[in-house]
Amino acid sequence: MEKGSFSVEWLAQSSRGGAREMPGEFRPSSEGSPPQTPPSIPADSPRDGEAAQRSPGHEAGSGGAAPGRSRTKFSAVQLQELERSFREQRYIGAGEKRRLAAVLNLSQSQIKTWFQNRRMKFKRQTQDAR
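Taken in order, the sequence shown gives residues 2 to 131; the numbers are from my numbering.
In structure tokens, the structure reads:
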């Protein structure tokens, strides 16, 4: 079976139902509409209007975090209390989440996210130990 050269744009269009031809089978569209870019053009090449469609802070190389939101650096005291709470119970309840948020001066969503991330780290560690 032959491997085709599929571009990211072509795959995205085909998943939305926009592209029907295979890569390399570029057919000009009907007259009256602008010609479509052939799917064989590399994904990293600039396109007209593509930069205008992106909002600031959403470049391809950005870390994926919301613009203006930096990564939370937990203090040693916060981490110690979060880890202690995690050792007692891996899934945090609403009351404990409110208590930790108040004691540690963090938001409830930060507490929730920390527990989600910590459970995934625990899962990776236990799978690696097998």
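Cβ coordinates follow ideal geometry from the N, Cα and C atoms, glycine included.
| CA-CA distance, K98 and T73? | For the purposes of this step, residue 98 is taken as residue 97 along the sequence shown, with counting starting at 1. For the purposes of this step, residue 73 is taken as residue 72 along the sequence shown, with counting starting at 1. Roughly 17 Å separates the two Cα atoms.
| task | Check each candidate in A103, R100, Q128, K113 and name the one with the smallest Cα separation from R91. | result | Taking the first residue of the sequence shown as 1, we reach residue 91 at position 90. It is K113 whose Cα lies nearest to the Cα of R91.
| query | Considering only residues of the same chain and omitting the five flanking positions on each side of F116, which have a CB-CB separation below 6 Å? | reply | Here residue 116 refers to the residue found at position 115 of the sequence shown. Closer than 6 Å at Cβ, skipping near neighbours: I93.
| said: So R1 and F87 are supposed to be a Cβ contact under 8 Å. How far apart are they, rounded? | reply: Missing from the structure shown is residue 1; the chain here goes from 2 to 131 and no further.
| message | Once DSSP output is grouped into helix, strand and coil, what is the label at T127? | response | Residue 127 sits at position 126 when you count from the first residue of the sequence shown. It is helical.
| task | Drop a sphere of 10 angstroms on the beta-carbon of S71, count the other beta-carbons inside from all chains shown, and report buried for 16 or more, exposed for fewer. | result | Counting from 1 along the sequence shown, the entry for residue 71 is found at position 70. Exposed, because fewer than 16 other Cβ atoms sit within 10 Å of the Cβ of S71.
| query | F87 lies in the alpha helix (DSSP H); which residues open and close that run? | reply | Start at 1 with the first residue of the sequence shown, and residue 87 comes out as number 86. Counting along the chain, the alpha helix (DSSP H) containing F87 begins and ends at 77 to 89.
| request: Specify, as a first and last residue, the run of the alpha helix (DSSP H) that R101 falls within. | output: Counted from its first residue, the sequence shown places residue 101 at position 100. Correcting the residue type first, residue 101 is Leu in the shown sequence and not Arg. From DSSP, the alpha helix (DSSP H) with L101 extends over 95 to 105.
| message | At the level of alpha carbons, what is the spacing between L80 and M121? | response | As a working note, residue 80 is residue 79 in the sequence shown. As a working note, residue 121 is residue 120 in the sequence shown. So the alpha carbons of these two residues sit roughly 16 Å apart.
| request: Determine the burial state of S108: buried for a count of at least 16 other Cβ atoms within 10 Å of its Cβ, exposed for fewer. | output: By one-based count along the sequence shown, residue 108 stands at place 107. Exposed, because fewer than 16 other Cβ atoms sit within 10 Å of the Cβ of S108.
| Any idea if S8 is buried or exposed, counting beta-carbon neighbours within 10 angstroms, 16 or more meaning buried? | Counted from its first residue, the sequence shown places residue 8 at position 7. It counts as buried.
| query | Which of helix, strand or coil does DSSP assign to T73? | reply | Position 72 of the sequence shown, counted from the first residue, corresponds to residue 73. Here T73 sits in coil by DSSP.
| Quick one: what's got a C-beta closer than 8 Å to V137's C-beta in the same chain, skipping five residues either side? | Nothing can be reported for residue 137: it is not among the residues displayed for the chain, which extend from 2 to 131.
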